[in-house]
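*Asks:* Okay, here's the structure, questions in a sec.
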Amino acid sequence: MRADLLTLLLLSACTAGHPEDTSDWGGWTEGFAIFTGVSMDYSVGSLSAASLSDRALYQNLTATSGDPVVRVDDGRVLQLNRFGYDTVRIYAPGTFSRPALEFAVGDDEDRSTNPQDARVCGGELFLTLYGRPYLPWYHPDTGQLRGQVDLRAFSDGDGVGPEASTLAERDGTLFVGLNRLDREDGWSDRGGYVVEIDCASGAQGRAWPLGGNTSVWEGGPTGVLASARPYQGLPGGLFAVDEEPEPLWSPPEGEEITGVAADTRLALVTTLSSADLNTARVWCVDLNTGSGAVAAETQQLLSEVRMSPTGEAWLTVGWGLDGAAPELRIYSLSSCALVDRVTTTLAPFSVDFF
Amino acid sequence: MDPQRTSASLTIVEVGPALAASSDVAQVLESIPGTQVVSLGGLGGWSAVSIRGSTLRQVQVYLDGIPLNPDGADTVNLAELPLFAFKRVEVWRGTAPPAMDASPIGGVVNLVSADELPMTAMASSGSWGTHRMHATNGGQTELLGRPLSGTLVAELFHTGGGFDYFSDSATLWNLMDDRVRQRENNDKTQASAHARLRLGDGPARVTWMEAYLRREEGLPGTATHPTSSTHMDTSRHLSVLQAEGRLGVWRAEGRLWRTDRGEIYADPLGELGEGPDKTRGLTSRTGVLASVRGAPWPGVIPSLTLTSRQDRYREADLRADAVGPPKIRASVSASAGADLWLWGDRVRISPVAQLNYLDNQYLDTGVAGSTLLSLNPRAGMLLQLNPDWVLKANLSRSLRPPDFSELFGDRGVTVGNPDLLPERAQTADVGLRVEFRRAPLGEGAWELTGFLNHTQDLIVYIQNAQRTSIPVNFGLTRVRGVESGLTLSLWDRLDSRTALTLTDSTNLSPDPGVYGKRLPRLPGMELWQSTSLAWGKQGRIGHTWSLTRGNYWDATNWYLSAPRSLHGAFVRATPAPGWPSVELSVLNLANHIVEVIDRDPLQPAMGSRVAAITDFAGYPLPGRTAMITLRWQGTDAR
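Chains as they are written, first to last, in our numbering: chain U, 1 to 354; chain X, 1001 to 1638.
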């Protein structure tokens, strides 16, 4: 039985039917998903691309660390190397042979800064640092540190910082999701925040307390969504960020939102069972009615889901406990249907589009 | 044990004057064919050994026959084993003798202490604030009309570990931030003592042994992510009571032993983990062994070994003052074997059947335990072509059961998987060994062995959530190779040891990213050569050379280490008989701390870059390291 499964897996890996030789990469500057992949042991990673039109796959264009995230913003591909690497590479879309800029975001402290997310806003490159109580911004062409937002007011008591994680932008304003997990107490919740930052001045604006592990996502009726898990009376679920966070949908008790890809009306939401930390679900959510339907259930890591310019939700899927191979799954947001799957050699970890 | 009389691939290295004072167990193991040693860097730094492409846990390490990591429950840090406390190092590649109650996939390393010890004292001092003091003594008297002998070995070791290394700040394209840094938080302090009392001699004797170790060390992190305060304290205690006797044609042995190991890991700033951490792990193992071996019939030497062991592990979160539930494993095994001498003692056939039973329990929780019953047969054959030439062949089935952390999880970082199967392997080897003694020329031995290992159900970790991983049976590997060793001791002046290992490894895991690739950190070619030349008892000069090629850092085979050639040397002089000797030894003579590799392994056309020399990616190895040693010996017993 196991031998059959292994054979099946190998065959599936060999019959993806897409070019894998990086020399095939044509330097295209639009119409592609760019995604990071990681090896099973997280020792290496890479940047790869897949065509939005025919799903043609161009794997392993350039090597990254084993903890890589990718974002595309302001005509730049921003590649972050997270825990223990603490570096940023900036590529011109289509040109992945070498970065236009690479710089380290460590400081004099030994603990990792652990960059998580990046946005170019108001001409500056903003980074969230999971291991620091501040949010720095850099010149995106030189890597020069230009300033930083002090987040110590939102400290969760562990002295490390409020775990700034995700970023979303709306009309020159950045929204930051603060996880606020107390590392001194086993990463326990202290209730999260969404914090508003003016990109032009770097000044902090409003802040909204939410439940635990708060994250922000672009999309929804107001352009910015937030998710959280319930914490000591603070609400959990999915919210539209407006004057006040407006509840849109909540997963069943025992499930926590781990990713959101949304347009103004519909969202594809991934959740993880808090009980076994293995069972993940894909939900199709109508943001207008607050109704949700399960599109899939899996025991594979669903690390990220993002909306493509063509209105599809791309989901990065890691290894399964049963040996299921990693892949990109592409959902139609309008029909909640899985429309394509792209098998990859490394496990897709983070995805964006140019 | 005579390698010329056993079918097993056995190499024995005597700990003697041919070794430099800067030698350690890791270096001795590196000099043996078929072994691969990896280190996190520097004298006294963590190191471990793989045999014939095994994982580090698939090698079991014994101290005078007592297992330090039974069933591959841990990786043994070789730096915790003071080389000069032992008389010899035995390495069993592939198969282990039945008396060791082991069927490891890689093999066994057994450190054997001396029956008698002279009074000696040794003091060393050298680079990076490294100091070592070592003393031995032994004596003999009578008790109840029987000889009573005792030995004592004590050693103190300290290193600041602040060697220089190259750091590119993890920016592979940006050269502006490249620099040479000094290793911080890399200090190690270790005290060890090894005492033995033996009543009786010959076939009937009772032995009591105590070994103690205390080690404090900084855990320096990787080159790009160094730490300042992460720390580990380790203590280990081993106690053994052993009785041996003879009844007619039978020789019997009984042994009662216990090991206790405590580890306190402190990461107050969350430098290595993602949060502050302070935990204490206590492992205790109690075992009993009974074996009998005899020669009831001509040419037939049967043996039976029965063992029982209980392992107990308990972890405490010292920050929360919370103690976790105990994890308990009970093990029972029986090994029945025989040595059959045929054809006028020219052929020896050694079949062994080993039955293992394991019972894992996780007390005070709802997690189900698991049991494992396995039969691991093996057989060896020795064919004596003439008094000097022997052919050997071995076939075995072996396993490594999942350990506590794999079954039940660990500190919230890993989620346990009670359904894990043991790692299993089929191994085979065929070899030739030639031994010669020609007076006055000297003596020597040459061995050439081909081996094949096929391992399945290897346990690997898969990330299942943002901060947790779960172990699954996913790995499948094939390792084949040729190993050759040549030892020479000529004219009472020249000692030479050469080991060459050629390995062809293939990862057969159903992971398209690694399928068909070579196993990481397993060089395609590894050569060791050491030669020392003595002139009487007045002096000795020696040289070591280690060469490795075809060593990939990672399972995807993207990062290929450059060929590495490291030289060492020592010179020792004793002004006059009875005087202490003085020795200067140097490791990494050429101060080789960087290598040139592809800048981007996926784009070879993009040129090359400079990287630190490492065994594990990110952990730099030190450059030139010098040690001055004064060594005094009271009598010439060793």
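We put the beta carbon where it would ideally sit given N, CA and C, even for glycine.
Since this is a predicted model, take the numbers as computed values, not measurements.
Who does GLY1542 (chain X) pair with in a DSSP beta bridge?
*Replies:* GLY1542 (chain X) is bridged to X:SER1532 and X:PHE1570.
*Asks:* Residues in the same chain with beta-carbon distance under 6 Å from LEU1452 (chain X), minus the five sequence neighbours each way, listed in chain order, please.
*Replies:* Here the set comprises ALA1428 and ARG1480.
*Asks:* Mark LEU145 (chain U) as exposed unless 16 or more other C-beta atoms lie within 10 angstroms of its C-beta, in which case mark it buried.
*Replies:* It counts as exposed.
*Asks:* Cβ of ARG132 (chain U) less than 8 Å from any chain A Cβ?
*Replies:* Among the protein chains of the structure shown, namely U and X, there is no chain A.
*Asks:* Please report how far the alpha carbon of LEU1156 (chain X) lies from the alpha carbon of GLY143 (chain U), in whole angstroms.
*Replies:* Approximately 49 Å between the Cα atoms of the pair.
*Asks:* Give me the chain X residues within the contact set of VAL160 (chain U), using Cβ-Cβ distance strictly less than 7 Å, ordered along the chain.
*Replies:* Ordered by position in chain X, the residues that pass the 7 Å Cβ test against VAL160 (chain U) are GLY1270.
*Asks:* Using 8 Å as the threshold, is the segment 1570-1577 of chain X in touch with the segment 1534-1548 of chain X, meaning 3 or more CB pairs across them?
*Replies:* Enough Cβ pairs lie closer than 8 Å, so yes.
*Asks:* GLY122 (chain U) and TRP28 (chain U) look like a contact to me (Cβ under 8 Å); what is the Cβ gap, rounded to whole Å?
*Replies:* Contact doesn't hold; Cβ gap of about 29 Å is too wide.
*Asks:* Compare the Cα-Cα distances from GLY1516 (chain X) to each of X:GLY1475, X:LEU1500, X:MET1525 and X:THR1501 and report the closest residue.
*Replies:* Among X:GLY1475, X:LEU1500, X:MET1525 and X:THR1501, the Cα nearest to that of GLY1516 (chain X) belongs to X:GLY1475.
*Asks:* To be precise: take each residue of the segment 1150-1169 of chain X, compare its Cβ to all Cβ atoms of chain U, and keep it if any distance is under 8 Å. Which residues remain?
*Replies:* Per Cβ criterion, the list reads SER1169.
*Asks:* Give the single residue among U:TYR231, U:ALA262, U:SER39 and U:GLY311 whose Cα lies nearest to the Cα of GLY254 (chain U).
*Replies:* Comparing Cα-Cα distances from GLY254 (chain U) to each of U:TYR231, U:ALA262, U:SER39 and U:GLY311, the minimum goes to U:TYR231.
*Asks:* Taking all protein chains shown into account, decide if GLN1140 (chain X) is buried (16 or more other Cβ within 10 angstroms of its Cβ) or exposed.
*Replies:* Flag for GLN1140 (chain X) reads exposed.
*Asks:* I want to verify the contact list: residues of chain X whose CB lies under 8 Å from the CB of TYR85 (chain U), in sequence order.
*Replies:* Going along chain X in sequence order, the residues near TYR85 (chain U) (Cβ under 8 Å) are ALA1170, THR1224 and HIS1225.
*Asks:* Which chain X residues sit within Cβ distance under 7 Å of ARG111 (chain U)?
*Replies:* Result: LEU1269, GLY1270 and GLU1271.
*Asks:* Could you tell me the distance, in whole angstroms, from the CA atom of ASP21 (chain U) to the CA atom of HIS1231 (chain X)?
*Replies:* A caution first: ASP21 (chain U) carries a pLDDT of 47, below 50, which makes its placement in the model unreliable, though a value can still be read off. Their Cα atoms are separated by approximately 45 Å.
*Asks:* Within its chain, find whatever has a CB closer than 6 Å to the CB of HIS1134 (chain X); leave out the 5 residues flanking it on each side and keep chain order.
*Replies:* Closer than 6 Å at the Cβ level, and outside the excluded window around HIS1134 (chain X), lie PHE1084, MET1122 and GLU1155.
*Asks:* Are THR1477 (chain X) and SER1496 (chain X) close, meaning C-beta to C-beta below 8 Å?
*Replies:* No, the pair does not count as a contact, with Cβ atoms beyond the cut-off.
*Asks:* Note down, in chain order, each residue of its chain lying with its Cβ closer than 8 Å to the Cβ of GLY1409 (chain X), except the 5 sequence neighbours on either side.
*Replies:* Answer for GLY1409 (chain X): VAL1415 and GLY1416, listed in chain order.
*Asks:* Check each residue of the segment 1602-1625 of chain X: if its Cβ is closer than 9 Å to any Cβ of chain U, include it; give the result in chain order.
*Replies:* Here the close residues are LEU1602, GLN1603, ALA1605, MET1606, ALA1617 and GLY1618.
*Asks:* In the DSSP assignment, what are the bridge partners of GLN1190 (chain X)?
*Replies:* According to DSSP, which records beta bridges pairwise, GLN1190 (chain X) is partnered with X:PHE1157 and X:ARG1215.
*Asks:* Taking VAL1028 (chain X) as part of the alpha helix (DSSP H), name the residues at either end of that continuous run.
*Replies:* VAL1028 (chain X) -> alpha helix (DSSP H) spans 1025-1030.
*Asks:* Ordered along the chain, which non-local residues of its own chain (more than five positions away) have a Cβ less than 6 Å from that of LEU1375 (chain X)?
*Replies:* Excluding residues within five positions, the ones whose Cβ falls inside 6 Å are LEU1355.
*Asks:* State the start and end residues of the unbroken beta strand (DSSP E) segment that holds SER332 (chain U).
*Replies:* Its beta strand (DSSP E) spans residues 327-332.
*Asks:* Any C-beta of chain X within less than 9 Å: which residues of the segment 315-338 of chain U qualify?
*Replies:* Those would be GLY318, TRP319, GLY320, LEU321, ASP322, GLY323, ALA325 and PRO326, in chain order.
*Asks:* So, using beta-carbon positions, are TYR1697 (chain X) and THR1283 (chain X) closer together than 8 Å?
*Replies:* Since the first residue of chain X shown is 1001 and the last is 1638, residue 1697 (chain X) is not available in this structure.
*Asks:* Hey, how far is the Cα of PRO1580 (chain X) from the Cα of THR1531 (chain X)?
*Replies:* Between PRO1580 (chain X) and THR1531 (chain X), the C-alpha separation is close to 23 Å.
*Asks:* Taking the straight line between their C-alpha atoms, what separation do you get for ALA1379 (chain X) and VAL1089 (chain X)?
*Replies:* About 24 Å.
*Asks:* When the cut-off is 8 Å and only beta carbons count, does GLN1426 (chain X) lie next to chain U?
*Replies:* No, GLN1426 (chain X) does not count as interfacial toward chain U.
*Asks:* Would you mind sorting ARG1179 (chain X) into buried or exposed? The rule is 16 or more other CB atoms within 10 Å of its CB.
*Replies:* It counts as exposed.
*Asks:* Starting from the beta carbon of GLU102 (chain U), find every residue of chain X whose beta carbon is closer than 9 Å, and list them in chain order.
*Replies:* Simply THR1171, LEU1172, TRP1173 and ASN1174.
*Asks:* Within 10 angstroms of the Cβ of ASP24 (chain U), are there 16 or more other Cβ atoms? Answer buried if so, exposed if not.
*Replies:* It is exposed - the Cβ of ASP24 (chain U) has fewer than 16 other Cβ atoms within 10 Å.
*Asks:* What residues in the segment 45-72 of chain U bring their beta carbon closer than 8 Å to a beta carbon of chain X?
*Replies:* Listed in sequence order: SER46, ASN60, LEU61, THR62, ALA63 and SER65.
*Asks:* What residues match up with ALA1266 (chain X) in a beta bridge as DSSP calls it?
*Replies:* Answer by DSSP bridge pairing, in chain order: X:HIS1231 and X:LYS1278.
*Asks:* Measure the C-alpha to C-alpha separation of ARG1183 (chain X) and ALA63 (chain U) and round it to an integer number of angstroms.
*Replies:* Cα to Cα, ARG1183 (chain X) sits roughly 27 Å from ALA63 (chain U).
*Asks:* So, helix, strand or coil for VAL1514 (chain X), using DSSP?
*Replies:* It is coil, neither helix nor strand.
*Asks:* Please report the straight-line C-alpha distance between THR316 (chain U) and THR166 (chain U), rounded to a whole angstrom.
*Replies:* Cα to Cα, the separation comes out at about 17 Å.
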